[in-house]
Every structure is written in structure tokens, then in C-alpha cells.
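A.B. asks:
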Amino acid sequence: MSSYAIISLGGKQYRVQEGERLLVDRLRADEGATVEPRVLLIGGNGAPDLAPSTTVTARVVGHELGRKIRIGKYRRRTGYKKHTGHRSKLTRIEIESIGAGKSAAKSAAAKPKGEQAEKAAPQKAETQQAAGLPEGYASMTIAQLSEAAGGWSREQVEAALEHERSGKARKGALAALESALEEKK
317 MSSYAIISLG GKQYRVQEGE RLLVDRLRAD EGATVEPRVL LIGGNGAPDL
367 APSTTVTARV VGHELGRKIR IGKYRRRTGY KKHTGHRSKL TRIEIESIGA
417 GKSAAKSAAA KPKGEQAEKA APQKAETQQA AGLPEGYASM TIAQLSEAAG
467 GWSREQVEAA LEHERSGKAR KGALAALESA LEEKK
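In the working numbering, the protein residues as written are 317 to 501.
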């Protein structure tokens, strides 16, 4: 059994195999461009993988119009007749690879950078410590943050609140830190 993938393009799901051509809703990519759609499932070689880390590479072959759909309106005994039509704007894509291609080259090139990222991670932790953020703050969920904020010093709570306001501004985190700051007063 050959491998297949279920991809999501334009809010619709398609079951694809390598070398297959299919029509999808119009994509903004130019002809000849490469597209990497979101992969929902990889299967065919043993058990299906519901959380795939592989990618599917597709090439835009061309842009087309779908077949004409005729729409007719008619009201009896009045002589009212109206006809219109519609042609969907579609893109024909060809699946070049499942689990290889550009993404494999990117991941191979990213390995040396991964070592650099490991070196940068301690520096990032040091900058968080220097900013007055509590240890492990970046990996905390909102629930963990609201529990731990009671044990932090006033300076740490203020630094965390400033960090949230300048960054993502998670609603639950802001509320938890503001209530912890009120308790410190």
C-alpha cells in the first residue's frame, strides 16, 4: 500500500498521493510556485499518524475556471424568466512529494542552526533573569502562572506584568498578575 496524506487547503480536506493532480479553490500562488499545505494525517505505511511532522510539497500547475453552472429563475404566468451562470475559479496543483523535498532540505540545513539555538537558549534565560522575570516564566501556562504569582516578590510580579503587556498580552495572565499585584500592596 502506497503512502498518502490528508491535507487542508482553502478550508477543504483532500486525500493525496505523490504525482497526483487535483483541482482546488483558487490559490494566490503563481504558476510554477511551490506550496506546502497543512498536513492533517499521514498514512499508508502501517498505522496512520494523526500528528505528522512531515510536509507535503505541491506545485501550482495552472489556474483554471470550473465548468459553467447554469442558474434559471422562473415565475409562472407572469413571463418572468432570468438566466445567469457561474464558473468557479480553481487552481490545478500537482503533489510533488510527501515527507521530502524542500522541507527536508530546510531541516537538514537547520540542524547546525539548532546547535546555535541551544547556545542562545541560556542567553535568553539570562536576559529573562536580568529583566527580573521569575525562573521558567516563558514556559508557564496561565494556570501555572496564577498559582505561582502569589509566591513571587513585588518586583517579579511587576516585571512579569510589563512583559505580558509588551508581548502577547494573554488575558488570563494579565488578570492573574494584576490580582497578585493588588495582593502585594
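Glycine is no exception: its CB is placed at the ideal position from the N, C-alpha and C atoms.
Is Leu-356 closer than 8 Å to Ile-322 when the C-beta atoms are compared?
C.D. replies: Numbered from 1 along the sequence shown, position 6 holds the residue referred to as residue 322. Numbered from 1 along the sequence shown, position 40 holds the residue referred to as residue 356. A contact, by the Cβ cut-off of 8 Å.
A.B. asks: Tell me which residues share the same chain as Glu-410 and place their Cβ nearer than 6 Å to its Cβ, disregarding the 5 neighbours each side in the sequence.
C.D. replies: Within the sequence shown, the letter at position 94 stands for residue 410. If we look at Glu-410 and ignore the five residues flanking it on each side, its Cβ neighbours are Arg-337, Arg-375, Val-377.
A.B. asks: Tell me which residues share the same chain as Leu-490 and place their Cβ nearer than 8 Å to its Cβ, disregarding the 5 neighbours each side in the sequence.
C.D. replies: Here the question's residue 490 lines up with position 174 in the sequence shown. Within the same chain, Leu-490 has close Cβ partners Leu-477, Glu-480, Arg-481.
A.B. asks: Have a look at Thr-400 and Arg-354 and give me their C-alpha separation to the nearest angstrom.
C.D. replies: Locating residue 400 in the sequence shown gives position 84, where the first residue counts as 1. Locating residue 354 in the sequence shown gives position 38, where the first residue counts as 1. If you take the alpha carbons of Thr-400 and Arg-354, they lie about 36 Å apart.
A.B. asks: Can you tell me whether Ala-465 is buried or exposed, with buried defined as 16 or more other CB within 10 angstroms of its CB?
C.D. replies: Counting from one through the sequence shown, the residue named residue 465 turns up at place 149. Classification for Ala-465: buried.
A.B. asks: What did DSSP end up calling Lys-384 once you bin it into helix, strand or coil?
C.D. replies: Translated into positions along the sequence shown, residue 384 becomes position 68. Coil.
A.B. asks: Can you check DSSP and say which residues form a bridge with Ala-321?
C.D. replies: The residue given as residue 321 occupies position 5 in the sequence shown. Val-332, Ile-358, per the DSSP bridge assignment.
A.B. asks: Cutting at 6 Å between CB atoms, please list the residues of its own chain near Ala-349, excluding the five before and the five after it.
C.D. replies: The count along the sequence shown starts at 1 and reaches residue 349 at position 33. Closer than 6 Å at the Cβ level, and outside the excluded window around Ala-349, lie Val-376.
A.B. asks: One question on the structure: do Leu-406 and Leu-325 come within less than 8 Å of each other, judged by their Cβ atoms?
C.D. replies: Here residue 406 refers to the residue found at position 90 of the sequence shown. Here residue 325 refers to the residue found at position 9 of the sequence shown. Not in contact: Leu-406 and Leu-325 (Cβ atoms no closer than 8 Å).
A.B. asks: Bridge partners for Val-372 per DSSP, in chain order?
C.D. replies: On the sequence shown, position 56 is the one that residue 372 refers to. BP columns for Val-372 point to Ile-414.
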